[in-house]
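Below is one structure, written out as structure tokens, with a few remarks after it.
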Amino acid sequence: MPLVRRVTRVKTLLILIVAALVAGLPNAALATSSNAYQISVTGDHISVGISGSLFQNITTTSPFNLTIDHSNSTALTQDLNNSLRRLDSQVWVESPSLTASSNGTILTYSLNFSVLGAIHCEVGQSLVTLAKNSLLPNPSRIETVTFQMGRAQISPLQIEQLVPNLNLLDFSSLSASLDLWSGGFNTDSQMTAWTSHVGFDILAKISINEATGETVTSTEEAIYSVGATLTAPGFASPKGNLVYFGSNLLEPVFASVIIVAFAAWALTALADRRLTRSRRLGKRRK
Numbered sequence: 031m032p033l034v035r036r037v038t039r040v041k042t043l044l045i046l047i048v049a050a051l052v053a054g055l056p057n058a059a060l061a062t063s064s065n066a067y068q069i070s071v072t073g074d075h076i077s078v079g080i081s082g083s084l085f086q087n088i089t090t091t092s093p094f095n096l097t098i099d100h101s102n103s104t105a106l107t108q109d110l111n112n113s114l115r116r117l118d119s120q121v122w123v124e125s126p127s128l129t130a131s132s133n134g135t136i137l138t139y140s141l142n143f144s145v146l147g148a149i150h151c152e153v154g155q156s157l158v159t160l161a162k163n164s165l166l167p168n169p170s171r172i173e174t175v176t177f178q179m180g181r182a183q184i185s186p187l188q189i190e191q192l193v194p195n196l197n198l199l200d201f202s203s204l205s206a207s208l209d210l211w212s213g214g215f216n217t218d219s220q221m222t223a224w225t226s227h228v229g230f231d232i233l234a235k236i237s238i239n240e241a242t243g244e245t246v247t248s249t250e251e252a253i254y255s256v257g258a259t260l261t262a263p264g265f266a267s268p269k270g271n272l273v274y275f276g277s278n279l280l281e282p283v284f285a286s287v288i289i290v291a292f293a294a295w296a297l298t299a300l301a302d303r304r305l306t307r308s309r310r311l312g313k314r315r316k
């Protein structure tokens with residue numbers, strides 16, 4: 031019987047972790063503490079690391095320790111493959127490992143795996159190539175290349191240094207305390223919601239003088255935005271990362287860093303697109 035309980039707990043944990051990867055925005059309703067959710071893109075694969083902890087004293091559970099590695103990870107690999115292939119049928123998972131433990135009140139977990147076969151966004155490499163425009167076969171044809179991040183103009187060297195360090199699913203930028211988020215009470219749903227949106231916008235403008243005398247101007251833009259929403263029942267107000275409900279009791283509900291890992295996935299959007307590419311006739315050089 032204890033073995034059955036343990037398997038049930040492990041299955042529940044796996045469902046929670048997979049839900050953080052592929053599901054929509056959940057309705058959060060319990061207290062959580064520090065965690066991390068990191069995804070990094072390397073040459074031929076994507077490395078995923080998810081770790082977190084959960085505190086609850088609503089019910090009593092038995093302590094346990096769990097380790098899954100290459101020697102016993104067949105079921106975990108299959109579950110991850112099934113979940114990720116809902117998003118992309120061509121990907122597969124390698125080298126998964128999962129550790130989890132609980133003392134009955136605090137549960138911690140760490141999940142790591144690699145994803146192969148994904149279609150990678152090449153915005154980073156494109157920007158690096160533009161930043162190194164002096165190495166292009168015919169650099170004399172390029173009249174100007176300018177970069178902006180937000181409203182500030184930055185140099186090609188800064189772009190070259192910045193792009194390799196972009197970690198698109200690092201949600202630490204949402205770690206501002208909850209009372210700094212925008213929010214309010216919805217009379218229809220009788221819920222209070224807070225939202226936060228951050229990100230960056232890199233703009234590259236390129237003007238090229240064609241041999242025909244035409245000036246071709248193009249604008250390339252990489253937009254990254256990430257947002258999170260926290261919803262609480264009834265009328266509530268935040269102070270730091272604590273939430274006051276209608277009573278005078280102070281309840282530690284959420285830390286914003288945790289909101290990031292469990293809620294922000296559904297609202298994360300990466301747009302690497304060409305906004306405009308217009309050809310404008312320029313004055314011929316005299």
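Following this note's numbering, the numbering of the sequence shown begins with 31 at its first residue and continues without gaps. Using N, Cα and C, we set each Cβ at its ideal position, and we do this for glycine too. What you are looking at is a predicted structure, and each value in this text was computed from that prediction instead of being measured.
- Task: Keeping to the same chain, check which residues put their C-beta closer than 6 Å to that of threonine 91; ignore five residues upstream and five downstream.
- Result: Position 61 of the sequence shown, counting from 1, holds the residue named residue 91. Answer for threonine 91: Gly134, listed in chain order.
- Message: Let's test the definition: count the other Cβ atoms within 10 Å of the Cβ of glycine 213 and tell me whether it reaches 16, buried, or not, exposed.
- Response: Here residue 213 refers to the residue found at position 183 of the sequence shown. Counting Cβ neighbours within 10 Å, glycine 213 comes out buried, since at least 16 surround it.
- Out of Phe215, Thr97, Trp122, state which residue places its alpha-carbon closest to the alpha-carbon of aspartate 109. Along the sequence shown, one-based indexing puts residue 109 at 79. Ranking Phe215, Thr97, Trp122 by Cα distance to aspartate 109 puts Trp122 first.
- Query: Based on the DSSP output, what are the partners of glycine 264 in its beta bridges?
  - Reply: Numbered from 1 along the sequence shown, position 234 holds the residue referred to as residue 264. According to DSSP, glycine 264 bridges with nothing at all.
- Best match in Gly82, Val246, Thr261 for proximity to isoleucine 136 [C-alpha to C-alpha]: For this step, residue 136 is matched to residue 106 along the sequence shown. Comparing Cα-Cα distances from isoleucine 136 to each of Gly82, Val246, Thr261, the minimum goes to Gly82.
- Given a threshold of 16 other Cβ atoms within 10 Å of its Cβ, counted over all protein chains shown, does alanine 258 qualify as buried or as exposed? Within the sequence shown, the letter at position 228 stands for residue 258. By the neighbour-count criterion, in which a residue is buried when 16 or more other Cβ atoms sit within 10 angstroms of its Cβ, alanine 258 is buried.
- Query: Under three-state DSSP, which class holds glutamine 108?
  - Reply: As a working mapping, residue 108 is identified with position 78 in the sequence shown. Here glutamine 108 sits in helix by DSSP.
- Query: Within this structure, are the beta carbons of aspartate 99 and serine 127 separated by less than 8 Å?
  - Reply: Counted from its first residue, the sequence shown places residue 99 at position 69. Counted from its first residue, the sequence shown places residue 127 at position 97. Going by C-beta atoms, aspartate 99 is nearer than 8 Å to serine 127.
- Task: State the DSSP-derived secondary structure class of aspartate 209, mapped to helix, strand or coil.
- Result: Walking along the sequence shown from the start, residue 209 turns up at place 179. Reduced to three states, the DSSP call for aspartate 209 is helix.
- Message: Considering Cα atoms alone, identify which of Val246, Ser185, Trp224 is closest to proline 263.
- Response: As a working mapping, residue 263 is identified with position 233 in the sequence shown. In terms of CA proximity to proline 263, Trp224 leads the group Val246, Ser185, Trp224.
- Leaving out five residues on either side along the sequence, give the residues of the same chain with a beta carbon under 7 Å from the beta carbon of serine 125. Here residue 125 refers to the residue found at position 95 of the sequence shown. His100, Phe143, Ser144, listed in sequence order.
- Item | Inter-residue CB distance, asparagine 102 and serine 131 (contact presumed, cutoff 8 Å) | Here residue 102 refers to the residue found at position 72 when the sequence shown is read from its first residue. Here residue 131 refers to the residue found at position 101 when the sequence shown is read from its first residue. Not really, about 17 Å apart at Cβ, beyond 8 Å.
- Query: Can you tell which of Ala206, Asn216, Phe215 has its C-alpha closest to the C-alpha of histidine 227?
  - Reply: Numbered from its first residue, the sequence shown carries residue 227 at position 197. The candidate whose alpha carbon is nearest that of histidine 227 is Ala206.
- glutamate 124: first and last residue of the uninterrupted beta strand (DSSP E) it sits in: As a working note, residue 124 is residue 94 in the sequence shown. From DSSP, the beta strand (DSSP E) with glutamate 124 extends over 122-132.
- Closer than 7 Å by C-beta to aspartate 209: which residues in its own chain qualify, once you throw out the five before and the five after it? Chain order, please. If you number the sequence shown from 1, residue 209 lands on position 179. Excluding positions up to five away in sequence, the list reads Pro268, Lys269, Gly270.
- Exposure label - alanine 266; buried when at least 16 CB within 10 Å: Working through the sequence shown from its first residue, we reach residue 266 at position 236. With 16 or more other Cβ atoms within 10 Å, it is buried.
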